[in-house]
Every structure is written in structure tokens, then in C-alpha cells.
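So the structure is just underneath, and the comments pick up after that.
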């Protein structure tokens, strides 16, 4: 989960394209905070504040930083988690839905882009960890699966 | 390569239009929903103005005769690749032999045309600077006509590696414009606007207009209030462009669309602004629309807003293609 | 009947954000059209202008991008009109044999009814002049002609016809022209001819250009 400088730059590049004002990445042994100063995305030292403290973290308990389940699908980027496609009324899945490997469970909206959140294994949806329309941070838990 | 399996679909090859030959009597043609075409191209890493296939009638089926990336934008038609349902406004990868089926536009959307884009664009010859189909005169596009069952079309860059499996928030969501649930279009008054009586002018802005069945790529014939001129107007022939709203003697407006003549002589009530032509191009036959009176500055700003959306799409897609995020358990 | 060009000053109006329309004042005349050709030639070089498209004593300027400083462009256009000298060009003469009336002229009866002239009188008045090509428009290769006898003027049809064939010789208002290909039209078709007006592979693609002249020869009058 540790991010290299290159990966941090990529994440900052993504963030610059969105309306997210603040992002906190918690990793074993280190926490990195990215915020906005005027139009730029910058790393913040402890105690510094971003122009807009829109929290990019998902609601995860402190003791278990990512609240990871053995089969939890996590966010590969900051973004907005969607339970359904903007054109659709029905969500992709609900608790209890049986899914196949590769099946779309939801979408991650990053600015104008929509990326699929997919199940890498067949299983049953145990829980949707992030709400529909929730802003999530990198690594935030999205969907718990019970694999067969 | 793709093979058309459907007949009578009125599908045509279109790009963003044939510009610069109006003085020879050649109208622009081009995609009715230019925004969907540009976005579909950008999803594949194409130039925004590459040629695609505009599909206005459903069901529509094509077979991929080779492995091929493609993008589908415009109306959500419950598309399937073989049996697999596809997300709308998305890029996909087809394997040789797979059949793409588009069904009827579904859901709460008010959209009527789909755009199918291929890597590098559809490979047809450029005529007078464009690959759009010129129906009157029968040139451009694929043999200057609508596509038929058995036609085979090629992608210009079939070998190009395309990252697929991602999509866009549709512009109807990102750039909404509606009144009372109906598609709304901004209009700049035209030369003969004040030649119509006040009651007619008020009615034009206040009422709903139905797009009649006698509507197509040449023009949308509207049904609604009869617009009365203060005195009969007989004009000299003059240049017109898509979006111009003409009112012939029967008082029912006709909006000139992409295949319209580049000149005309009926009174011009106004013109739908360029920034909203894509919305109009998606409005289904039988649906009702509203008009919003606008000013030059607002209309120019609207065009800039549309262009900014496309620029954002281009940037985001380029970012994703170079540094893709994988999100899976 | 009102005309949008009543008055002595030219008018400029908008065609959405895509183009503007400049209309010359006064009666339809060849010398006005020659000034329009000259104005088109000059405006075609302006940075805002994608294309300058002459019409009948008017000029459409399509934009590369709608200019923020619209009033400045309008002022420049008005000034150029004042300053411009007619662009005289005597092009070639093309003679077109026409079969008038009958199945070749399905709307001849409407022209008879409106003008009060007989078919023979209409054919004689229509085939007498040497018609200058004022502009191209409507569809690929179509020529708008000047010089029609005003006695033949017949208003455009209340409801446009869905398709008239290529080669159709028609009257719309005070103008006449020949269709270059099949398509819809609001004009009154009085005869038929054959001619290749357009080839997209050629440069320029249109057979005729502003300044050329057309003469209609009477091949026959059908009952």
C-alpha cells in the first residue's frame, strides 16, 4: 500500500481533475495528505490546511485503517462511488446478489470518467461499504464479497 | 472490420461535418449529435472529428469480423455484445465473430440516436474535406448513402492498442438543460423575428412544440401554435445553417438540421444555438421541446462550456490510458 | 408584401452563433450582386470567417468560432460594403434545352393561375433572357439565377414538395433556377432539362460559378 513518489504524482494528477479538495492517504507507518492551494494540488505538512477541507477519506475505523474483509473490493483512486450507472435506475448489485468473476459491482466516477468496480472472483455481495454518491479515497473499501 | 446485419436502419457514416463548401451548394451534413460522436472518438483515443456511424433506427446489428475495440455513445439502447449487456457511453473490446445488437432507446432518457466509433475512425474516403455522407448528390461517407445489410466497413487503425472498459458520465447529466422534463434549446432570434405578431412570439417561447413524424436529418417539422406574420414575407434566397428555424406560409416552424439545404428563402424566426444542436439531434420523433430566448454572449459562453467539457474528456481519457486505475478485489 | 431589405441601409442579422447574414438594400440587381461578390472576396480573408457564401444580393459569413467582438465585425462589414467596387466577371454561357409543361412541369398550372399568363407566354418570357449566375446554394452545384422577368414571379409553395428531380426548372418568388439533383423544394416546377452541374472529385466541384450565364432553349412544350 506504500505509495512511491511517482504514484503520488499520478494520484495528485487525478485529484487535480476532480472537485476533491483534500485527500488523506493512510499507509503503514506514514500518512500523506494532499490538498489544494489555489489551483494546485500540494502535500500538506501536519497542521497545514487545504483551501477547502472536503474530506476525501471514506469512513473507516482507526484501529483497522481500511476495515478490510478478505474479499473487499477497494477504490483504486479517489472518486465518487456509484451504485448504479447515471442512465440507470436500478443498482448494479444489492446485498445478497450473486456475482460472477468480472461482473461490475459499481462505478467509480473520477471527474467525467466512469471506471468499473469489478469482482475478480465469483461470490455473493456481503455489503456495500461505501454509500451511493460517496466520495472515497484511494484504498477505501467499496464492496465486501463472500467468495464461494 | 464490421459487417452490417440490419436493413432499413437509416444508419450513415458521419464526422463533424463538411465545412467550407457551402459556396458550391454543399451543406455540412455531419452527426446530429456531434457531442456524442466526439466523446466516442475521444474514448478510443481518436481525433474528436473522426468518422463514426450514426444509428437512428433500432434494432441495429453488426458483426465484428476481426478483433476490434469500439465505443458506443448517444442513446442508451440496451446494447449487447453477443449475450453480454453493455454499459452506455463506454468503450468495449469485441472479438472476431461477435455480434453487437442495439435495441430500442430505453429508460427515462430523451435520446434517439446512437454513435458507434472505431479505432482511427471509419475508413472511408475523404471528399471535399470530410467523411460525412452527403445524401443529396450521393457522395461522401460510405458510397454516399445509408448503410445496408451486407455492407462491410473498416476501422482506419484496427491494429492500434486501445484501452477499453471504461466510460463517461453522459453530457445530458453533466450539461443538463430542460424545462418541465422536456428538452430545452436556446435560440437566438433571427432576421424576421419581429415580422411575427407579438402573440406568436410569446407563444413560441412559452409553449411546447411537438416533433412530428415528418422529421429527419433534413429538418424537424414542429406542430404547435400557428405563428402569424404581421404581413406576408417573400424573401430572397440566402445562406442558412443547421439550427435555423424557418416558418413557411402554414405557420408551423421547421428547424433546419444537418442535411438541410445550405440556403433557403422562408422567414427565419430564429436559430437554435450551435451549443445545443446535439440536444436537438437527440430529441426523439414525437417528443415535445421548449425554446429559451438567449443573447449572443450567453450563446457564445454555452459553446465554450461545451468545448470545455470535451477538453476535460480528452484530458481524463488520456490520463487513464497512460496510467490506468484497476479496481478489483 | 414586406421585404426584409426595405430601406436604404444594409442589414446584418445572426444565424445562431454559426454565421451572420448581410443583406444589401434596394431592388435585386446585377450591380448589387457584383458588389456582393467583391465583398465575399474580401471577407473570405478575415480571420473570423470560415467561408463567405453569396446569396441573392446577400452574403452569409460562417464563423471559424463565434467572435466575442461581434459589433466590431459588423462595423467592418458595413465599412467594406461602402468601399467595395463591383466585381465584374463575364463568365461562359451555357445553353440548356428545356421541355416545358406537362409531366416535365407539374406546377405550370399554379404559375398560370398566379400570373394570369398562358403557358406559351410563360415559356416565351422564361426562355428569352440570358440569366447571370448570381450564386450557388440549395444543393451541390445548384445555381441561383438573376434576371427573371418579374411578370413570372410566383410565391413559393405553401407546403414544400418532398422531392423534385434533378434537372427540374422552377420558379420561387421572383427567382428561377434548375435543380442539380433530386430533393425537396418549395419552388414551382415548370420544366425539365439535363445537365451535370456537380462533380465532387473536380476542383472546383461545381460546373458553374458566379458570373457565368445560362440561356434556356425551348425543346418543347408538353400538354
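Protein chains in written order, with our numbering: chain A, 5 to 152; chain B, 279 to 607; chain C, 163 to 385.
Every residue, glycine too, gets a C-beta built ideally from N, C-alpha and C.
Spatial distance of residue i from residue j (CA atoms)
i	j	result
residue 172 of chain C	residue 337 of chain C	21 angstroms
residue 286 of chain C	residue 270 of chain C	13 angstroms
residue 229 of chain C	residue 373 of chain C	31 angstroms
residue 374 of chain B	residue 265 of chain C	53 angstroms
residue 110 of chain A	residue 129 of chain A	12 angstroms
residue 476 of chain B	residue 512 of chain B	20 angstroms
residue 554 of chain B	residue 181 of chain C	15 angstroms
residue 67 of chain A	residue 363 of chain B	Per-residue confidence for residue 67 of chain A stands at a pLDDT of 38, beneath the threshold of 50, marking its modelled position as unreliable; the derived number appears in the next sentence. Rounded to whole angstroms, residue 67 of chain A to residue 363 of chain B spans 41 angstroms at the Cα level.
residue 323 of chain B	residue 595 of chain B	8 angstroms
residue 573 of chain B	residue 378 of chain C	46 angstroms
residue 305 of chain B	residue 137 of chain A	44 angstroms
residue 145 of chain A	residue 358 of chain B	30 angstroms
residue 582 of chain B	residue 359 of chain C	39 angstroms
residue 259 of chain C	residue 306 of chain C	18 angstroms
residue 221 of chain C	residue 176 of chain C	12 angstroms
residue 200 of chain C	residue 379 of chain B	54 angstroms
residue 65 of chain A	residue 132 of chain A	In this prediction, residue 65 of chain A scores a pLDDT of 39, lower than 50, which makes its location untrustworthy; the coordinate-derived value is nonetheless stated afterwards. So the alpha carbons of these two residues sit roughly 16 angstroms apart.
residue 311 of chain C	residue 480 of chain B	40 angstroms
residue 329 of chain C	residue 320 of chain B	43 angstroms
residue 368 of chain B	residue 442 of chain B	8 angstroms
residue 353 of chain C	residue 273 of chain C	12 angstroms
residue 398 of chain B	residue 434 of chain B	5 angstroms
residue 227 of chain C	residue 179 of chain C	8 angstroms
residue 415 of chain B	residue 142 of chain A	56 angstroms
Endpoints, beta strand (DSSP E) assigned at residue i
i	result
residue 534 of chain B	532 to 534
residue 134 of chain C	The requested residue 134 of chain C is not part of the displayed model; chain C covers only 163 to 385.
residue 348 of chain B	346 to 352
residue 175 of chain C	173 to 177
residue 524 of chain B	522 to 524
residue 558 of chain B	Residue 558 of chain B -> not in any beta strand (DSSP E); alpha helix (DSSP H) instead, spanning 555 to 560.
residue 302 of chain B	That residue, residue 302 of chain B, is in no beta strand (DSSP E); it is neither H nor E in DSSP.
residue 150 of chain A	145 to 151
residue 512 of chain B	Segment: none, residue 512 of chain B is in no beta strand (DSSP E) and carries neither H nor E.
residue 551 of chain B	Unbroken run through residue 551 of chain B: none, as it is neither H nor E.
residue 538 of chain B	Premise fails: residue 538 of chain B is in no beta strand (DSSP E) and is neither H nor E.
residue 346 of chain C	345 to 347
residue 354 of chain C	350 to 354
Best match in the options for proximity to residue i [C-alpha to C-alpha]
i	options	result
residue 207 of chain C	C:320, C:223, C:274	C:223
residue 113 of chain A	A:145, A:104, A:86, A:126	A:86
residue 521 of chain B	B:407, B:538, B:503	B:538
residue 293 of chain C	C:276, C:340, C:178	C:340
residue 205 of chain C	C:178, C:187, C:193, C:237	C:237
residue 327 of chain C	C:276, C:267, C:382	C:267
residue 81 of chain A	A:149, A:140, A:151, A:147	A:140
residue 135 of chain A	A:46, A:79, A:45	A:79
residue 312 of chain B	B:492, B:536, B:458, B:444	B:536
residue 151 of chain A	A:143, A:95, A:101, A:89	A:101
residue 384 of chain C	C:366, C:282, C:325	C:282
residue 92 of chain A	B:548, B:385, B:349	B:385
residue 282 of chain B	B:339, B:414, B:318, B:288	B:339
residue 117 of chain A	A:90, A:125, A:142	A:90
residue 295 of chain B	B:366, B:413, B:447	B:413
residue 313 of chain C	C:361, C:243, C:275	C:275
residue 105 of chain A	A:120, A:125, A:76	A:125
Continuous alpha helix (DSSP H) stretch holding residue i: start and end
i	result
residue 583 of chain B	574 to 600
residue 451 of chain B	449 to 452
residue 204 of chain C	192 to 205
residue 241 of chain C	232 to 245
Subject >> Ordered list of alpha helix (DSSP H) runs contained in the region 256 to 301 of chain C, each at least 4 residues >> reply: List check, alpha helix (DSSP H) in window: 270 to 277, 281 to 289.
Original post:
At a cut of 8 angstroms, does the region 514 to 522 of chain B reach the region 470 to 486 of chain B through at least three beta carbon pairs?
Top reply: With the cut-off at 8 angstroms, the region 514 to 522 of chain B and the region 470 to 486 of chain B do not touch.
Subject >> the region 461 to 470 of chain B in contact with the region 495 to 502 of chain B per 3-pair CB rule at 8 angstroms >> reply: Remark: fewer than three beta-carbon pairs, one from each stretch, lie closer than 8 angstroms, so the region 461 to 470 of chain B and the region 495 to 502 of chain B are not flagged as touching.
**OP:** Pick out the complete alpha helix (DSSP H) segments inside the region 73 to 126 of chain A, 4 residues or longer, and give them in chain order.
**Re:** Considered as a whole, the region 73 to 126 of chain A harbours no complete run of any alpha helix (DSSP H) with no fewer than 4 residues.
**OP:** Taking 8 angstroms as the threshold, find out whether the region 297 to 316 of chain B comes into contact with the region 293 to 301 of chain C through three or more Cβ pairs.
**Re:** Yes, the region 297 to 316 of chain B touches the region 293 to 301 of chain C.
**OP:** Check whether the region 563 to 577 of chain B touches the region 246 to 256 of chain C, taking contact to mean three or more Cβ pairs, one atom from each stretch, closer than 8 angstroms.
**Re:** Output reads no: the region 246 to 256 of chain C does not touch the region 563 to 577 of chain B.
Original post:
Which full runs of the beta strand (DSSP E) of 3+ residues lie inside the region 319 to 403 of chain B, going along the chain?
Top reply: Runs of the beta strand (DSSP E) inside the region 319 to 403 of chain B: 330 to 333, 338 to 342, 346 to 352, 368 to 372, 377 to 380, 392 to 395.
Original post:
On the three-pair Cβ rule with 8 angstroms, is the region 375 to 393 of chain B touching the region 559 to 572 of chain B?
Top reply: These segments touch.
Original post:
For the 8 angstroms Cβ check, are there 3 or more pairs between the region 323 to 332 of chain B and the region 396 to 412 of chain B?
Top reply: Yes, since at least three Cβ pairs between the region 323 to 332 of chain B and the region 396 to 412 of chain B fall closer than 8 angstroms, the two stretches touch.
**OP:** Could you tell me whether the region 183 to 200 of chain C touches the region 582 to 592 of chain B, using the rule of 3 or more Cβ pairs below 8 angstroms?
**Re:** The region 183 to 200 of chain C, when compared against the region 582 to 592 of chain B, does not touch it at the 8 angstroms Cβ threshold.
**OP:** Kindly provide the ranges of any alpha helix (DSSP H) runs that are 4 or more residues long and lie completely inside the region 455 to 491 of chain B, ordered along the chain.
**Re:** Complete alpha helix (DSSP H) runs here, min 4: 476 to 484.
Original post:
Is it true that the region 522 to 532 of chain B meets the region 450 to 461 of chain B, where meeting means three or more beta-carbon pairs spaced less than 8 angstroms apart?
Top reply: The region 522 to 532 of chain B vs the region 450 to 461 of chain B: no contact.
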